[in-house]
Amino acid sequence: MKKIASFTVDHIRLLPGLYVSRKDTAGSEIITTFDIRVTRPNQEPVMNTAEVHTIEHLGATFLRNHPVYAPKTIYFGPMGCRTGFYLVLAGDYESSDIVGLMKEMFTFIRDFEGEIPGACAKDCGNYLDMNLPMAHYYARKYLTEVLENISEERLVYPS
Numbered sequence: 007m008k009k010i011a012s013f014t015v016d017h018i019r020l021l022p023g024l025y026v027s028r029k030d031t032a033g034s035e036i037i038t039t040f041d042i043r044v045t046r047p048n049q050e051p052v053m054n055t056a057e058v059h060t061i062e063h064l065g066a067t068f069l070r071n072h073p074v075y076a077p078k079t080i081y082f083g084p085m086g087c088r089t090g091f092y093l094v095l096a097g098d099y100e101s102s103d104i105v106g107l108m109k110e111m112f113t114f115i116r117d118f119e120g121e122i123p124g125a126c127a128k129d130c131g132n133y134l135d136m137n138l139p140m141a142h143y144y145a146r147k148y149l150t151e152v153l154e155n156i157s158e159e160r161l162v163y164p165s
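Numbering-wise (this note's numbering), the sequence shown opens with residue 7 and increments by one.
1) Note down, in chain order, each residue of its chain lying with its Cβ closer than 7 Å to the Cβ of residue 159, except the 5 sequence neighbours on either side.
2) Quick one: grab the DSSP three-state call for residue 27.
3) Of the residues 65, 136, 93, 109, which one's Cα is nearest the Cα of residue 28?
4) Could you tell me whether the Cβ atoms of residue 96 and residue 73 are closer together than 9 Å?
5) Do you know how far the Cα of residue 134 is from the Cα of residue 26?
6) I need the straight-line Cα distance from residue 19 to residue 90, nearest angstrom please.
7) Apply the 10 Å Cβ neighbour rule to residue 40 and answer buried if 16 or more other Cβ atoms are within range, or exposed otherwise.
8) So, at 7 Å on beta carbons, what are the nonlocal neighbours of residue 111 in its own chain, with the 5 sequence-adjacent residues on each side left out?
9) Tell me which residue opens and which closes the alpha helix (DSSP H) that residue 45 is part of.
10) Using C-beta distances below 6 Å, list every residue in its chain close to residue 30, excluding the 5 sequence neighbours before and after it, in chain order.
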């Protein structure tokens with residue numbers, strides 16, 4: 007079998023960042039998948055499921071209510087390796103195009119207080135597995151270490 011694109015990325019050299027993972031077409035539309043890499047693969051501990059789940063709920067809620075990106079948001083969810091998230095948007099984008107959006111989203115997550123949207127038995131299949139303080143920690147970390155002074159090496163996959 008052919009190796010899928012995400013398994014061809016050099017995860018040894020990959021830094022936390024914001025990368026275009028792939029571009030696909032659906033009919034005449036281009037769909038861009040982003041790799042929102044929060045922790046350094048194989049170097050830092052992975053995120054636990056509770057904070058990943060919390061970031062997923064908050065991030066998806068933020069994106070699906072965004073005045074510009076709500077109709078363009080196809081999917082936001084965690085990577086199986088728990089080092090980051092995938093964001094799928096309708097449209098042809100580069101990583102630099104959504105730095106502002108990611109700053110907004112991670113600021114929203116960092117500052118969020120109250121009941122996590124969808125965190126109840128009726129709305130979620132594992133609603134008790136949430137950790138808002140750790141979601142705050144990772145959102146703050148990603149904002150300060152990646153997004154605030156983002157460089158080219160954190161926008162383009164290592165070759």
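Think of the CB as a built atom: it goes at the ideal place given N, C-alpha and C, for glycine as much as any other residue. Remember, predicted model here, so these are calculated numbers, not experimental data.
Put simply:
1) Closer than 7 Å at Cβ, skipping near neighbours: 21.
2) Strand, per DSSP.
3) Considering only alpha carbons, the answer is 93.
4) In this structure, residue 96 keeps its C-beta atom at 9 Å or more from the C-beta atom of residue 73.
5) About 32 Å.
6) Residue 19 and residue 90: Cα-Cα distance of roughly 15 Å.
7) Burial is judged here by how many other beta carbons sit within 10 angstroms of a residue's own beta carbon; residue 40 has at least 16 and is buried.
8) Excluding residues within five positions, the ones whose Cβ falls inside 7 Å are 65, 68, 69.
9) Where residue 45 is concerned, there is no enclosing alpha helix (DSSP H), given that its DSSP letter is neither H nor E.
10) Answer for residue 30: 37, listed in chain order.
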